[in-house]
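These notes are about the structure you will find just below.
Residue numbers (our numbering): 17 to 388.
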């Protein structure tokens with residue numbers, strides 16, 4: 017990941033100089049590793065029901081909040097059942113009264129844990145479909161294949177029956193019926209996890225570890241302390257890609273969110289502990305025009321042995337290394353260490369005055385020689 021980011025960031029090449037002599041550019045890279053912690057008995061489950069036309073309703077306990085999980089789970093179900101993803105509908109509303117259990121929608125775990133449960137539910141449903149088709153076609157189930165909305169005999173694809181004829185039970189021409197509505201159920205519980213030892217603090221509280229690196233190029237104005245992020249490079253070993261577009265979208269959004277935390281976001285309190293900026297008028301966040309013009313996601317695949325098709329979670333990880341990378345880039349640009357967040361213009365300027373005041377003195381002289 018580090019090598020990929022360094023190459024994309026043109027590491028080793030001196031950044032181009034801004035036209036204003038009081039502005040400096042620099043590059044920085046930071047590494048990350050995160051394992052989402054959860055209880056050792058953390059579990060997820062899924063239910064698959066068919067409609068009469070062979071389409072599917074998928075029920076999971078995880079909640080969709082814009083991260084795209086339900087799309088990924090629909091893709092997994094469609095892959096296992098051999099049907100178009102358009103025929104899989106994930107029930108959007110959640111209810112503890114009727115939906116299957118999942119521990120929580122946290123910790124970048126949803127695609128990993130619920131994905132495994134969906135695979136088990138789809139395979140359970142597929143097994144029932146093939147067993148029923150075996151009775152109808154009078155062929156052993158192990159000689160049948162489910163794909164493209166139909167069940168057919170391996171090597172003899174013309175011997176087939178449509179999925180829609182099976183999922184509610186099959187009715188022979190004379191009206192005699194066999195089978196019944198097919199419902200697939202799946203569950204998955206985290207493996208290889210342990211509690212933390214109360215004496216040593218050691219244990220294994222994570223279901224997987226994801227590694228990555230993020231790099232930035234910044235422009236620092238030493239007169240004002242303003243820091244502008246010009247580009248972000250982000251590389252992650254995500255195991256296996258389920259949906260490239262959604263994955264890149266998470267990287268775009270998480271990287272800009274992390275930049276916002278690093279440069280803008282700060283809660284201000286008065287002496288009585290009252291929050292002085294409790295709304296988005298006064299609490300500053302990055303806007304669209306603050307985002308860098310270039311964000312480059314780099315996707316590296318080393319499959320996770322127990323992940324769904326080898327996939328790992330990515331959600332929170334997209335934010336982790338950007339603030340540190342910005343701090344490193346500022347140091348690379350002007351030789352000033354910033355150790356506190358947010359790196360607002362005031363905070364950066366104060367650190368310049370403390371660590372390298374000569375930069376401002378030189379910049380002021382240069383500014384005097386520039387025609388306004």
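All C-beta atoms in this analysis are idealised placements derived from N, C-alpha and C, irrespective of residue type, glycine included.
With a 10 Å radius around its C-beta and 16 neighbouring C-beta atoms as the bar for buried, classify residue i as buried or exposed.
| i | result |
| --- | --- |
| residue 388 | At residue 388, the pLDDT of 47 sits below 50, so the modelled position is not reliable and the matter cannot be decided from this model. |
| residue 266 | buried |
| residue 90 | buried |
| residue 38 | buried |
| residue 226 | buried |
| residue 43 | buried |
| residue 233 | buried |
| residue 375 | buried |
| residue 210 | exposed |
| residue 130 | buried |
| residue 32 | exposed |
| residue 96 | buried |
| residue 119 | buried |
| residue 140 | buried |
| residue 81 | exposed |
| residue 331 | buried |
| residue 351 | exposed |
| residue 189 | exposed |
| residue 334 | buried |
| residue 303 | exposed |
| residue 359 | buried |
| residue 320 | buried |
As a quick exercise: from the options, pick the residue whose alpha carbon is nearest that of residue i.
| i | options | result |
| --- | --- | --- |
| residue 49 | 253, 193, 86, 360 | 253 |
| residue 298 | 280, 304, 315, 307 | 280 |
| residue 205 | 211, 133, 155, 64 | 133 |
| residue 177 | 304, 151, 278, 100 | 151 |
| residue 68 | 85, 77, 187, 168 | 187 |
| residue 116 | 369, 122, 201 | 201 |
| residue 41 | 238, 131, 249, 106 | 238 |
| residue 372 | 353, 362, 63 | 353 |
| residue 137 | 364, 94, 342 | 94 |
| residue 229 | 326, 291, 208, 271 | 271 |
| residue 55 | 302, 212, 147, 196 | 212 |
| residue 222 | 57, 29, 364 | 57 |
| residue 295 | 273, 255, 282, 287 | 282 |
| residue 17 | 293, 251, 156, 121 | 251 |
| residue 34 | 364, 366, 349 | 349 |
Can you name the start and end residues of the alpha helix (DSSP H) that residue i belongs to?
| i | result |
| --- | --- |
| residue 285 | It is not in any alpha helix (DSSP H) - residue 285 carries neither H nor E in the DSSP assignment. |
| residue 264 | 260–279 |
| residue 18 | 18–24 |
| residue 369 | 361–371 |
| residue 87 | 85–97 |
Run through DSSP, which three-state label would residue i get?
| i | result |
| --- | --- |
| residue 388 | Below a pLDDT of 50, predicted positions are generally treated as unreliable, and residue 388, at 47, falls in that range; the measurement from the model is reported next regardless. If DSSP states are grouped into helix, strand and coil, residue 388 belongs with coil. |
| residue 123 | coil |
| residue 339 | helix |
| residue 150 | helix |
| residue 230 | strand |
| residue 170 | coil |
| residue 291 | strand |
| residue 381 | helix |
| residue 61 | strand |
| residue 118 | strand |
| residue 178 | strand |
| residue 129 | helix |
| residue 68 | coil |
| residue 110 | coil |
| residue 43 | strand |
| residue 157 | helix |
| residue 142 | helix |
| residue 306 | helix |
| residue 235 | strand |
| residue 135 | helix |
| residue 333 | helix |
| residue 375 | helix |
| residue 103 | helix |
Let's see if you can read the secondary structure: which residues bound the beta strand (DSSP E) around residue i?
| i | result |
| --- | --- |
| residue 35 | That residue, residue 35, is in no beta strand (DSSP E); it is neither H nor E in DSSP. |
| residue 313 | 310–316 |
| residue 163 | 160–163 |
| residue 74 | 72–76 |
| residue 246 | 243–253 |
Can you list the beta strand (DSSP E) stretches of 3 or more residues lying completely in the region 183–223, in chain order? 199–205
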